[in-house]
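Participant:
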Amino acid sequence: MVSILSSLFDLSGLPPRWDSGEWSPLLGWLHVISDLAIWAAYMAIPLVIVYYIIRRKEVTNSRILWLFALFILSCGVVHLIEAVIFWWPVYRFAIVIKLATAIISWVTVLVLFRVARRALDLPALATVTRSWQREKEQRLAAEQERENFFTLSLDLLCIAGFDGYFKQINPAFTEILGWTEEELLAEPFLCFVHPDDREATVQEVEKLLQRAESMNFENRYRCRDGSYRRFLWTARMGEDEDRIYAAARDITEMHQAQQALRESEDRYRDLFENVSDLVQGVYPEGTFLY
Numbered sequence: 040m041v042s043i044l045s046s047l048f049d050l051s052g053l054p055p056r057w058d059s060g061e062w063s064p065l066l067g068w069l070h071v072i073s074d075l076a077i078w079a080a081y082m083a084i085p086l087v088i089v090y091y092i093i094r095r096k097e098v099t100n101s102r103i104l105w106l107f108a109l110f111i112l113s114c115g116v117v118h119l120i121e122a123v124i125f126w127w128p129v130y131r132f133a134i135v136i137k138l139a140t141a142i143i144s145w146v147t148v149l150v151l152f153r154v155a156r157r158a159l160d161l162p163a164l165a166t167v168t169r170s171w172q173r174e175k176e177q178r179l180a181a182e183q184e185r186e187n188f189f190t191l192s193l194d195l196l197c198i199a200g201f202d203g204y205f206k207q208i209n210p211a212f213t214e215i216l217g218w219t220e221e222e223l224l225a226e227p228f229l230c231f232v233h234p235d236d237r238e239a240t241v242q243e244v245e246k247l248l249q250r251a252e253s254m255n256f257e258n259r260y261r262c263r264d265g266s267y268r269r270f271l272w273t274a275r276m277g278e279d280e281d282r283i284y285a286a287a288r289d290i291t292e293m294h295q296a297q298q299a300l301r302e303s304e305d306r307y308r309d310l311f312e313n314v315s316d317l318v319q320g321v322y323p324e325g326t327f328l329y
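Here it is as structure tokens:
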């Protein structure tokens, strides 16, 4: 092995390139400087490739990049030896490096050919770009439609987190409750719930944590003027499992009307049951109602 290596650097019978032929200083130094400049560039390019591979660990075709870096590196060594030969005639070692570079080059060609064939089966970049642009436009249009629906709804629509804060609310919140959006987002939503309804509200949130929907749940929210509005809620957990999507309808007037109706019925029932005189109701056709 030592003899083989020593033979590669045997300089006998091989003069330096300066002594081979008639080299003018200008011509010789142009060769040397050009080869050294190419070698320097061929050293820098693999460093950039290796830096990219190390920093972008998710690169899927890193093997072809390593091979390409090795190919460029070997080409750079060839140019370095070409410059050195002007003083140190290692022609035998140079042919070994050139042979190794030729093998690496053709391996790279074959691998690139395989990669190119696979790449031809992929859609063109322009097609992918147009498809991505269409998807982006469709997504933006869908988001705009949802935003319009979210903004224009007369019902209360909101997104809340399990940390107890509203993340997003629609304008109906501010219109009905009187608070600003910043005020509603700055405080836990339980701060606005009637004290008598807070325990039930917490229980409904716990149900959502178990991926159960909350349907027809009622509670009262405090308005800015100190009054309370009653809401009928429907809510469910989002797919990301850290958001609550909810909608509520203001049933304050309906509840007050139902309560007034029940009170009226109770008054008439008490009157009817406690009166000492004869009271009767008759349909127009003459039959008794009571």
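Going from the sequence shown to our numbering is simple: count from 1 and add 39. Glycine included, every Cβ here is placed at the ideal spot set by N, Cα and C.
Counting along the chain, where does the alpha helix (DSSP H) carrying Ile217 start and finish?
Facilitator: Against the sequence shown, residue 217 aligns to sequence position 178. A small fix is needed here, since residue 217 is Gly in this sequence, not Ile. No alpha helix (DSSP H) holds Gly217; DSSP gives it neither H nor E.
Participant: So, for Trp78: in the same chain, excluding its five sequence neighbours on each side, which residues have a beta-carbon less than 6 Å away from its beta-carbon?
Facilitator: Here residue 78 is taken as the residue at index 39 of the sequence shown, counted from 1. The answer, listed in chain order, is Gly115, His118 and Leu119.
Participant: Residue range of the alpha helix (DSSP H) that Leu195 falls in?
Facilitator: For the purposes of this step, residue 195 is identified with residue 156 of the sequence shown, where counting begins at 1. Run containing Leu195: none in the alpha helix (DSSP H); it sits in the beta strand (DSSP E), Leu195 to Gly200.
Participant: Between Leu271 and the rest of its own chain, which residues show a CB-CB distance below 7 Å, the 5 nearest in sequence each way excluded?
Facilitator: Looking up residue 271 in the sequence shown gives position 232. Only Asn255, Glu257, Ala287, Arg288 and Ile290 meet the Cβ criterion.
Participant: Based on Cα-Cα distance, which residue from Gln297, Glu292 and Ile215 lies nearest to Arg261?
Facilitator: Locating residue 261 in the sequence shown gives position 222, where the first residue counts as 1. When only C-alpha atoms are compared, the closest one is Ile215.
Participant: What is the DSSP secondary structure of Arg250, reduced to helix, strand or coil?
Facilitator: Your numbering for residue 250 matches position 211 in the sequence shown. Residue state, collapsed to three classes: coil.
Participant: Taking Thr240 and Val232 to be in contact with their CB atoms under 8 Å, please state how far apart those CB atoms are, rounded to whole angstroms.
Facilitator: To locate residue 240, count along the sequence shown from 1; it is residue 201. To locate residue 232, count along the sequence shown from 1; it is residue 193. The Cβ separation is near 5 Å, so the contact holds.
Participant: So who's on the other strand from Asp289, going by DSSP bridges?
Facilitator: Locating residue 289 in the sequence shown gives position 250, counting from the first residue. DSSP, once it has assigned bridges, lists Phe270 as partnering Asp289.
Participant: Between which residues of its own chain and His294 is the CB-CB distance below 6 Å, once the five residues before and five after are set aside?
Facilitator: Against the sequence shown, residue 294 aligns to sequence position 255. Same-chain partners within the cutoff: Arg269.
Participant: In terms of DSSP beta bridges, what is Pro227 paired with?
Facilitator: Start at 1 with the first residue of the sequence shown, and residue 227 comes out as number 188. Note: Pro227 sits in a beta bridge opposite Tyr204.
Participant: So is Asp236 buried or exposed if we call it buried at 16+ other beta carbons inside 10 Å?
Facilitator: In the sequence shown, counting from the first residue as 1, residue 236 sits at position 197. With 16 or more Cβ atoms within 10 Å of its Cβ, Asp236 is classed as buried.
Participant: Taking the straight line between their C-alpha atoms, what separation do you get for Asn199 and Gln177?
Facilitator: Here the question's residue 199 lines up with position 160 in the sequence shown. Here the question's residue 177 lines up with position 138 in the sequence shown. Checking the sequence shown, residue 199 turns out to be Ala, not Asn. Computed Cα separation, rounded: 26 Å.
Participant: With three or more C-beta pairs closer than 8 Å as the rule, is the segment 296-304 touching the segment 203-215?
Facilitator: Cβ pair count under 8 Å is below three, so no.
Participant: On the DSSP bridge list, what partners appear for Phe256?
Facilitator: Counting from 1 along the sequence shown, the entry for residue 256 is found at position 217. Beta-bridge pairing links Phe256 to Trp272.
Participant: Would the segment 181-190 count as touching the segment 141-155 if we require 3 or more Cβ pairs under 8 Å?
Facilitator: No, the segment 181-190 does not touch the segment 141-155.
Participant: Sort out for me which residues DSSP pairs Arg282 with in a bridge.
Facilitator: Looking up residue 282 in the sequence shown gives position 243. Partner(s): Gly200.
Participant: Quick one: any contact between the segment 70-77 and the segment 87-99, if contact means 3 or more CB pairs under 8 Å?
Facilitator: Touching, no.
Participant: Can you grab the Cα-Cα spacing for the pair Thr273 / Glu252, in whole Å?
Facilitator: Position 234 of the sequence shown, counting from 1, holds the residue named residue 273. Position 213 of the sequence shown, counting from 1, holds the residue named residue 252. Cα to Cα, Thr273 sits roughly 8 Å from Glu252.
Participant: Could you please give me the residues that DSSP links to Val232 through a beta bridge?
Facilitator: Taking the sequence shown and counting its residues from 1, one reaches residue 232 at position 193. According to DSSP, which records beta bridges pairwise, Val232 is partnered with Tyr260.
Participant: Just verifying my parser: in three-state terms, what is the DSSP assignment at Glu243?
Facilitator: For the purposes of this step, residue 243 is taken as the residue at position 204 of the sequence shown. Glu243 falls in the helix class under three-state DSSP.
Participant: Since Val154 contacts Ile103 with CB under 8 Å, what's their CB separation in whole angstroms?
Facilitator: By one-based count along the sequence shown, residue 154 stands at place 115. By one-based count along the sequence shown, residue 103 stands at place 64. With 8 Å as the limit, Val154 and Ile103 qualify as a contact, their Cβ atoms being about 6 Å apart.
Participant: Throw me the rounded Cβ distance for the Pro227 and Gly203 pair, which I believe falls under 8 Å.
Facilitator: Here residue 227 is taken as the residue at index 188 of the sequence shown, counted from 1. Here residue 203 is taken as the residue at index 164 of the sequence shown, counted from 1. The Cβ separation is near 4 Å, so the contact holds.
Participant: Three-state secondary structure (DSSP) at Val129?
Facilitator: If you number the sequence shown from 1, residue 129 lands on position 90. Three-state DSSP puts Val129 in coil, outside helix and strand.
Participant: Starting from the N-terminal side, write out each stretch of the beta strand (DSSP E) that is 3 residues or longer and does not extend beyond the segment 54-132.
Facilitator: Counting whole runs of 3 or more residues, the segment 54-132 contains no beta strand (DSSP E) stretch at all.
Participant: Would you mind sorting Arg259 into buried or exposed? The rule is 16 or more other CB atoms within 10 Å of its CB.
Facilitator: For the purposes of this step, residue 259 is identified with residue 220 of the sequence shown, where counting begins at 1. Arg259 is buried by the Cβ-count criterion.
Participant: Quick one: what's got a C-beta closer than 7 Å to Lys246's C-beta in the same chain, skipping five residues either side?
Facilitator: Indexing the sequence shown from 1 puts residue 246 at position 207. Taken in chain order, the residues that qualify are Ser253.
Participant: Quick check on Asn209: does DSSP put it in helix, strand or coil?
Facilitator: For the purposes of this step, residue 209 is taken as residue 170 along the sequence shown, with counting starting at 1. Correct three-state label for Asn209: coil.
Participant: Pull up the distance between the alpha-carbon of Gly67 and that of Ala139, whole angstroms please.
Facilitator: Here residue 67 refers to the residue found at position 28 when the sequence shown is read from its first residue. Here residue 139 refers to the residue found at position 100 when the sequence shown is read from its first residue. Roughly 26 Å between the two C-alpha positions.
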